[in-house]
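**Q**
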Amino acid sequence: MLKGLAAFFRGLPKMRTYRFFVFAMALALALPAFSSTVRHSRLRHRRAHYARTATYRTRHRAGVRRAALETAEATEQTNASLERVRFVPPLRGSLASLLRQNERDTAEGLVRFANDAQLDEFEAEGRLVPVPASLALRVNAELPMDRRYCQPWTAQFLADLARSHFARFRRPLQVNSAVRTVAFQRSLEEINGNAAAATGDLASPHETGAAVDIGKKGMSFQEIAWMRAWLLPLETAGKIDVEEEFYQACFHITVYRNYVHAPAATPRRHAAASTLLAAQVR
Ligand SMILES: [Zn+2]
327 MLKGLAAFFR GLPKMRTYRF FVFAMALALA LPAFSSTVRH SRLRHRRAHY ARTATYRTRH
387 RAGVRRAALE TAEATEQTNA SLERVRFVPP LRGSLASLLR QNERDTAEGL VRFANDAQLD
447 EFEAEGRLVP VPASLALRVN AELPMDRRYC QPWTAQFLAD LARSHFARFR RPLQVNSAVR
507 TVAFQRSLEE INGNAAAATG DLASPHETGA AVDIGKKGMS FQEIAWMRAW LLPLETAGKI
567 DVEEEFYQAC FHITVYRNYV HAPAATPRRH AAASTLLAAQ VR
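Positions 327 to 608 (my numbering) are the ones given, in order, by the sequence shown.
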């Protein structure tokens, strides 16, 4: 009995060695299989990434618009699934856009301010509100005091945009133009061939107080790309119309009532879409 036990204990180290050998063999066989699985999935991931990047590069404006819509849909999803945006094409104006701005302003019951007297009346009654100047939003020093006014929903839009831009770039945006009168637009027409008409279907949307110009001067390429990415989902959602001007170097933006007058969940959704898409700009 004792001899048997002694022989058993002498055999133990051998058994340990044997067990260790079997374990080591199993591990040696399993590891390459495991690592090839990892390598394979990495490769697949990288291929998918290249495919996504190539697709993105070949996308034109329509594609970016679709991306904006998809982004709007994806606001509640993880932003890890979003692609990095390096280039957003300019938000160019068009005749159709200008017609739309005027049609919508008319449909929303906005009047065109004929002269300073009518403008002063609306400002005194609080029917037009001051451009919400702040650390994040300055106003061109040359803009007369009585033209530093806009529609309340335009002011809300400006405050949101300026806050979001300041959080990212730590510098203010500049408003170069807000409300104008028909009389002023007429004088502008005479000195600047590029100025919009004072009356008619293609009249300047500034005459309703719904439009503002934000200067591009001094903005980096990254800032301009960020601006486009922030504005695009709102334009796609029909809350604003943007005409990027190159002669005057500004973003001309007409803001519609539905920027604030939409069902409670919708503005948050689109503000989130704007912030998400702009956050992808590197
Ligand atoms: Zn403008």
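Glycine is no exception: its CB is placed at the ideal position from the N, C-alpha and C atoms.
Can you list, in chain order, the residues of its chain whose CB lies under 6 angstroms from that of arginine 372, leaving out five sequence neighbours each side?
**A** Note that arginine 372 scores a pLDDT of 47, beneath 50, so its modelled location is shaky; the value from the coordinates is reported in the next line. The answer is none, since no qualifying residue turns up.
**Q** If we ignore side chains and look at the alpha-carbon of each, how far apart do phenylalanine 448 and leucine 603 end up?
**A** Going by the C-alpha atoms only, they are around 36 angstroms apart.
**Q** Helix, strand or coil: which one does DSSP assign to arginine 506?
**A** Three-state DSSP puts arginine 506 in coil, outside helix and strand.
**Q** Kindly identify the DSSP beta-bridge partner or partners of isoleucine 566.
**A** Note: isoleucine 566 sits in a beta bridge opposite Val581.
**Q** Quick check on leucine 499: does DSSP put it in helix, strand or coil?
**A** Note: leucine 499 maps to strand in three-state DSSP.
**Q** Count the other C-beta atoms from every protein chain shown that fall within 10 angstroms of the C-beta of threonine 432, then say buried if there are 16 or more, exposed otherwise.
**A** Exposed, because fewer than 16 other Cβ atoms sit within 10 Å of the Cβ of threonine 432.
**Q** Measuring alpha carbon to alpha carbon, tell me which of Ala563, Val455, Arg496 and Ser600 ends up nearest alanine 537.
**A** Here the closest residue by C-alpha is Val455.
**Q** Taking the straight line between their C-alpha atoms, what separation do you get for lysine 542 and methionine 471?
**A** The alpha-carbon atoms of lysine 542 and methionine 471 are separated by roughly 22 angstroms.
**Q** Just the C-alpha distance for lysine 599 and isoleucine 517, rounded to the nearest angstrom, thanks.
**A** Going by the sequence as given, residue 599 is alanine instead of lysine. Their backbone Cα atoms lie some 40 angstroms apart in a straight line.
**Q** With a Cβ-Cβ cutoff of 8 angstroms, do threonine 534 and arginine 474 count as a contact?
**A** Not closer than 8 angstroms, so no.
**Q** If contact is defined by three or more beta carbon pairs under 8 angstroms, each pair taking one atom from either stretch, is the region 557-569 in contact with the region 495-514?
**A** Touching, no, given that fewer than three Cβ pairs across the two stretches are closer than 8 angstroms.
**Q** In chain order, what residues of the same chain lie with their CB nearer than 6 angstroms to the CB of glycine 419, ignoring the 5 residues before and after it?
**A** Cβ within range, chain order: Glu569.
**Q** Reducing DSSP to helix, strand and coil, say where glutamate 451 ends up.
**A** Glutamate 451 falls in the coil class under three-state DSSP.
**Q** Let me know if threonine 525 comes out buried or exposed under the rule of 16 or more other beta-carbons within 10 Å of its beta-carbon.
**A** Exposed, since its Cβ has fewer than 16 Cβ neighbours within 10 Å.
**Q** Nearest to proline 531 by alpha carbon, out of Phe413, Pro415, Glu429 and Val414?
**A** Comparing Cα positions, the closest option is Glu429.
**Q** Secondary structure at alanine 555, three-state DSSP: helix, strand or coil?
**A** DSSP places alanine 555 in helix when its eight states are reduced to three.
**Q** Does the beta-carbon of glutamate 561 have 16 or more other beta-carbons within 10 angstroms, so that it is buried, or is it exposed?
**A** Looking at its Cβ environment, which holds 16 or more other Cβ atoms inside 10 Å, glutamate 561 is buried.
**Q** So what's leucine 528 in DSSP terms, helix, strand or just coil?
**A** Here leucine 528 sits in coil by DSSP.
**Q** Report yes if the C-beta distance between leucine 528 and leucine 417 is below 8 angstroms; otherwise report no.
**A** No, the pair does not count as a contact, with Cβ atoms beyond the cut-off.
**Q** Of the choices Phe510, Ser503 and Ala551, whose alpha-carbon is the least far from that of alanine 467?
**A** When each option's Cα is compared against that of alanine 467, the closest is Ser503.
**Q** Check for me: the beta strand (DSSP E) holding leucine 463 runs from which residue to which?
**A** Leucine 463 -> beta strand (DSSP E) spans 463-465.
**Q** Taking all protein chains shown into account, do 16 or more other C-beta atoms lie within 10 angstroms of the C-beta of alanine 450, making it buried, or fewer, making it exposed?
**A** Label assigned to alanine 450: exposed.
**Q** Could you tell me the alpha carbon to alpha carbon distance between alanine 459 and glutamine 548, rounded to whole angstroms?
**A** About 23 angstroms.
**Q** Pull up the distance between the alpha-carbon of threonine 601 and that of glycine 435, whole angstroms please.
**A** Spanning the two alpha carbons is a distance of roughly 30 angstroms.
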